[in-house]
Amino acid sequence: MKIIFAMMIILLSGCINFNVGINLPKFRYIVHPLSCNERKVINIWIDIQLKDIEIRQAISEWNYALNGFIELQEVAEPFEMEDAQIGQIRGSNWAILKIDGVLSPNILGRVDIIGGNYIYLEKGRISRERMKGVVMHEIGHLLGARHSGELLMSWRFREQFAQCIDEEVVEQVAKNNGLDWRSMNYCYYLTEG
Ligand SMILES: [Zn+2]
């Protein structure tokens with residue numbers, strides 16, 4: 030009897046352990062037909078020290094949200110620019126750069142300015158699980174979005190609500206780029222249960 034009781038406790042604590050990790054809320058995308066209009070292309074140089082697949086996933090997910098109106102394209106050539114050349118990046122060109130210990134201790138990344146050209150990532154502070162969300166947030170800034178609400182563009186990064194590109198950020202980006210947000214793709218989170 031005692032053994033069975035002990036086993037039950039082990040099983041129970043096993044179940045409890047299962048729930049210790051963050052329970053990520055599920056989400057779904059609202060999808061519209063792909064735009065056949067002429068698209069604006071943004072070329073992105075990614076620091077050679079940033080090999081993370083999650084950065085590429087963040088770019089792909091934005092391309093999905095932008096639905097053909099704007100296309101983000103990683104420049105294929107290896108990133109071997111001198112600092113002076115990096116400083117020349119303008120217009121429809123962006124750079125994603127690795128920094129270490131430059132920003133205040135609790136900051137994960139930043140852009141030069143809203144609608145700017147540079148993303149700086151505090152690589153050592155960003156876990157693999159958070160990287161895609163952080164990069165999607167920063168891309169939102171380069172596309173013109175400001176901090177707002179509790180989801181992707183919240184000033185406070187929460188990975189459970191930075192899993193996808195939501196309606197609020199898409200509305201801001203569409204407005205800033207003269208696009209109709211209703212033709213773009215955006216996600217919404219499903220309530221629990
Ligand atoms: Zn931000």
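Its first residue numbered 30, the sequence shown is counted upward by one per residue in my numbering. Ideal Cβ placement from N, Cα and C applies to all residues, glycine included.
Check, Outcome
"Using 9 Å as the threshold, is the C-beta distance between residue 113 and residue 159 below it?", "no"
"Got a sec? Which residues, its chain only, sit under 6 Å from residue 53 by beta carbon, not counting five neighbours each side?", "189"
"Distance check for residue 108 and residue 220, CA to CA, integer angstroms please.", "42 Å"
"Which of the three DSSP states is assigned to residue 145 in this structure?", "coil"
"By the three-class DSSP mapping on this structure, what secondary structure does residue 201 have?", "helix"
"Spatial neighbours of residue 193 within its chain, please: CB distance less than 6 Å, with the 5 preceding and 5 following residues excluded, ordered by chain position.", "56, 216"
"On the premise that residue 72 lies in contact with residue 102, defined as a C-beta separation below 8 Å, what is that separation, rounded to the nearest angstrom?", "6 Å"
"Go through its chain and collect everything with a Cβ distance to residue 118's Cβ below 8 Å, but skip five positions before and after it.", "74, 124, 146, 147"
"Report the rounded CA-to-CA distance for residue 174 versus residue 154, giving the unit in angstroms.", "23 Å"
"Can you round the beta-carbon distance between residue 205 and residue 172 to whole angstroms, since I take them to be within the 8 Å contact cut?", "7 Å"
"With C-beta atoms as the reference, is residue 138 less than 9 Å away from residue 104?", "no"
"Going by DSSP, which residues form a beta bridge with residue 56?", "218"
"What number of angstroms, rounded off, separates the C-alpha of residue 178 from the C-alpha of residue 110?", "37 Å"
"For residue 61 versus residue 96, is the C-beta spacing smaller than 9 Å?", "yes"
"Take the Cβ of residue 201 as the centre, count every other Cβ of all protein chains shown within 10 Å, and call the residue buried at 16 or more, exposed below.", "buried"
"Within its chain, find whatever has a CB closer than 6 Å to the CB of residue 170; leave out the 5 residues flanking it on each side and keep chain order.", "140, 143"
"Give, in chain order, every unbroken run of the alpha helix (DSSP H) that is at least 4 residues long and sits entirely within the stretch 118 to 202.", "157 to 171"
"List the whole-angstrom C-beta distance separating residue 128 from residue 150, where the pair is believed to meet the contact cut-off of C-beta under 8 Å.", "7 Å"
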